[in-house]
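A.B. asks: Just so you know, the sequence shown maps onto residues 3 to 592 in this note's numbering.
All residues carry an ideal CB built from backbone N, CA and C; glycine is no exception.
Sharing a structure with you now.
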Amino acid sequence: MCGIFGYIGEKKDAGEIVIEGLKKLEYRGYDSWGVAMQTGMGMKLKKDIGKISGVSAKDVSDVSSLAIAHSRWATHGGVTKENAHPHLSQDGTIAVVHNGIIENYEELKKELMNKGHTFASQTDTEVIPHLMEEYRKEGMSLQDALRTACGRFEGRYAILAFDATDHTLVAARTGSPLIVGIGKGEYFIASDIPAFLEHTRNVHYLDDGEMVWTDGKKIHFSSIETGEEKQKRTINISWKAEDAEKGDFEHFMMKEIMDQKESINRAVHQDDKEILRVAKEIETCLGCILSACGTAGKVCMAADYFFSVVAHRHVNYVASSEFKIYHHFLKPESLLIVVSQSGETADVLEAMKVAKEAGSKVLAIVNVEGSSIYRAADFALLINAGPERAVASTKAATGQMAVLLLIAYAVAGKLNEGRTLLLETGAKINDMLNPRYIEHIKGIAQKIHTHENLYIIGKSWNYPMALESAIKIQEVSYVHAEGFAAGELKHGPIALIEEGTPCIALMGNDEMTADMLSNIMELKARGALIIGVSPERYDSFDFWIKVPDSGPAQPIVNIIPIQILAYFLAVLRGKDPDMPRNLAKSVTVK
Ligand code: M6R
């Protein structure tokens, strides 16, 4: 969580560069913002509560060629101007922005207060510049001061810092992402690539336990622990700047929903050799577990059904935040498959650590190439969805399902059949996402947007999609939505149904239809308003959202109209679907 971005180079508008770049990282946190610039007059600091998207970069910037900026997702200390980053040292010369949590900050704060330091915020972050200042007083260089300070920290962090009296940008990483962008006569350091994508596509990824410092001309990397300098490989990333823009769309969420016209095909575009290698690992391992968080977790639950139905193979899903207890079952022959859009989710990284400690292999299915999860895995597949900027996961979720379904077909020895099904599904989604279709769903949203409770049911692979539908609707519209396995209704949840309660039924053209129709009748008998998402229309539907008949790819198709419905529910209720309250795109804290 939190976006950080720093610039050092020949340009004189460093403040503008970091503010504009930070706007592209706002999905990481958006309750307050701040920027610190090195100017001819010394340190210049601006910060405030609210979203950085509303800030005019020109108005807050000064002539400067070194600046750092931050957009915050509060952990320690409320959303106030004082708690917004950057934070300064006691003498005001060192500025720091930070993503993560310094767990032992209280102890460090006491130590510093005993030395006469006073603190302006309630944050854990503020101890960083104060501690660096103490080391600077001992005559250390800025990079040594940061390195020594890092040696005192417990927890996870990505830190960017500079000293008003020294033209050097320093950064360190343990547990939270940091990427260096290499420009001509300039360097960028950010928590994610979109911040500097319009300037460069050449990057160095910082690994955990590494730090970097640069004067804008030369760059140095070293281990935080030993101080030993390191060489880093330059990687050219394939994302284009325009992929990370919303173009003519009002919100990224709708743009990314519409991207699904092509993103399924891109997800299927995998190297056969790699897919067959993964299939072999699944066939030969002793126990395969899928793990992820949130939407990616619901994708894994759908994959349980893919492996069962298509490949007759037992694969278990465990939420990454619950994974630790499973170490009893892990062996060197076990295989853990993790799924993540960002590739930075802390709980997923923790699950990987548990598996690695047991000697098990880890396969990662991610969207962000070079991300922490991508690099920590034994092998990785990319879903090729392109940047996903709205907090709500849409095209990443369907891309992840497409890759997992393709693997299930490969395990069944039917890779070509799987690819054909998915390419056909991609073409059907392309047809489905037309303006009339979108208007139809908007019309349904207009009829139900004032309801505060909404339920979704499904069977088989549509059950995890009912759970995912609930996440989508909850997170952007704040409507209380819950998903259920359709057959479970009569065991309790049906008591919630009242006259007019909207209930969505997710269906395919399959052996579940008869049971689903019975469950719908049970709901209808209690007054529910039924919205059927199905290839066929049934009399029990009050509204019908037609979806193409897609066989085992049905969950991929069925979730898309719900994404659209969630989007319109949010807009009609006056909420910003791209930046829902209390959330951040990349959850890098446990
Ligand atoms: O980046 P990840 O896929 O690892 O993120 C996992 C969840 O935080 C994420 O899927 C979250 O639930 C979605 N943003 C919800 O739409």
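Taking only the alpha-carbon atoms, compute the straight-line gap between Thr236 and Gly187 and give it to the nearest angstrom.
C.D. replies: When rounded, the distance between both Cα atoms is 16 Å.
A.B. asks: Assign Asn386 to one of three DSSP states: helix, strand, or coil.
C.D. replies: In the structure shown, Asn386 sits in coil (DSSP, three-state: anything other than H, G, I, E or B).
A.B. asks: Between the alpha carbons of Phe155 and Ala71, how many angstroms are there, rounded?
C.D. replies: So the alpha carbons of these two residues sit roughly 22 Å apart.
A.B. asks: Determine whether the Cβ of Leu148 lies closer than 8 Å to any Cβ atom of chain C.
C.D. replies: No chain C appears in the structure shown, which is made up of a single protein chain.
A.B. asks: If you draw a straight line from the C-alpha of Asp64 to the C-alpha of Ala321, how long is it?
C.D. replies: About 47 Å.
A.B. asks: Considering only their Cβ atoms, is the gap separating His78 from Asp33 smaller than 8 Å?
C.D. replies: No, Cβ-Cβ distance for Asp33 and His78 is not below 8 Å.
A.B. asks: Who are Leu144's beta bridge partners in DSSP?
C.D. replies: Paired residues: none, contrary to the question.
A.B. asks: Taking any heavy atom of the ligand M6R as the mark, which residues have a C-beta closer than 5 Å to it, listed down the chain?
C.D. replies: Taken from the N-terminal end onward, the list reads Cys295, Gly296, Thr297, Ala298, Ser342, Gln343, Ser344, Thr347, Ala394, Ser395, Val589.
A.B. asks: Beta carbon of Ile458, beta carbon of Ala483: below 8 Å?
C.D. replies: Result yes, Cβ atoms of Ile458 and Ala483 sit closer than 8 Å.
A.B. asks: Take Lys461 and list the residues in its own chain whose beta-carbon comes closer than 7 Å to its own, dropping the five residues that flank it on each side.
C.D. replies: Cβ within range, chain order: Ala487, Ala488, Gly489, Met514, Asp517, Met518.
A.B. asks: Just the Cα atoms here: how many angstroms apart are Tyr439 and Leu585?
C.D. replies: Approximately 29 Å between the Cα atoms of the pair.
A.B. asks: Which two residues bound the contiguous beta strand (DSSP E) that contains Lys48?
C.D. replies: Segment 44 to 51, the beta strand (DSSP E) holding Lys48.
A.B. asks: Within a Cβ cutoff of 6 Å, which residues of the same chain sit near Met255, ignoring the five residues on either side of it in sequence?
C.D. replies: Excluding positions up to five away in sequence, the list reads Ala392, Ala394, Tyr569, Pro579, Asp580.
A.B. asks: When you compare the region 280 to 290 with the region 331 to 340, are there three or more beta-carbon pairs, one atom per stretch, that lie closer than 8 Å?
C.D. replies: Touching, yes.
A.B. asks: Suppose contacts are defined by Cβ-Cβ distances below 8 Å. Is Gly510 in contact with Leu423 by that definition?
C.D. replies: No, they are not a contact pair.
A.B. asks: According to the Cβ coordinates, are Gly5 and Ser73 closer than 8 Å?
C.D. replies: Contact flag set, yes.
A.B. asks: Assuming Ser178 and Gly102 are in contact, meaning their beta carbons sit under 8 Å apart, how far apart are those beta carbons, in whole angstroms?
C.D. replies: Right, their Cβ atoms sit about 4 Å apart.
A.B. asks: If Arg421 and Val270 are in contact, beta carbons under 8 Å, what's the gap, nearest whole angstrom?
C.D. replies: Sure, about 6 Å apart at Cβ, within 8 Å.
A.B. asks: Curious, which full-length beta strand (DSSP E) runs of at least 3 residues does the region 209 to 239 contain?
C.D. replies: You should have 212 to 216, 221 to 225.
A.B. asks: Ordered along the chain, which non-local residues of its own chain (more than five positions away) have a Cβ less than 8 Å from that of Glu12?
C.D. replies: Closer than 8 Å at the Cβ level, and outside the excluded window around Glu12, lie Ser67, Gly187, Glu188, Gly218.
A.B. asks: Could you name the residues that DSSP lists as bridge partners for Met39?
C.D. replies: Paired residue(s): Lys46, Ala69.
A.B. asks: Should Ala404 and Ile562 be called a contact, given that it needs their Cβ atoms to be closer than 8 Å?
C.D. replies: Cβ distance not < 8 Å, so Ala404 and Ile562 don't count as in contact.
A.B. asks: Find the nearest neighbour of Trp241 within the set Ala387, Lys60, Gly249, Ala399, judged by alpha-carbon distance.
C.D. replies: Residue Ala387 is the option with its Cα nearest to Trp241.
A.B. asks: Residues in the same chain with beta-carbon distance under 7 Å from Ile248, minus the five sequence neighbours each way, listed in chain order, please.
C.D. replies: Rather than Ile, the amino acid found at residue 248 in this sequence is Lys. Counting only Cβ-Cβ distances below 7 Å, and skipping sequence neighbours, we find Phe254, Lys257.
A.B. asks: Could you tell me whether the Cβ atoms of Val356 and Lys333 are closer together than 8 Å?
C.D. replies: No.
A.B. asks: Distance check for Asn464 and Ile195, CA to CA, integer angstroms please.
C.D. replies: Roughly 34 Å separates the two Cα atoms.
A.B. asks: Which residues does DSSP list as the beta-bridge partners of Trp463?
C.D. replies: In the DSSP output, where bridge partners are listed per residue, Trp463 has none listed.
A.B. asks: So what does Gly102 bridge to, in DSSP terms?
C.D. replies: Bridge partners of Gly102: Tyr159.
A.B. asks: Go ahead and label His206 buried or exposed: buried means 16 or more other beta carbons lie within 10 angstroms of its beta carbon, across all protein chains shown.
C.D. replies: Burial call: buried.
A.B. asks: Taking contact to mean 3 or more Cβ pairs, one atom from each stretch, closer than 8 Å, check whether the region 84 to 102 and the region 133 to 141 are in contact.
C.D. replies: Yes, they touch.
A.B. asks: Compare the beta carbon distance of Ala173 and Gly183 with 8 Å and say whether it is the shorter of the two.
C.D. replies: No.
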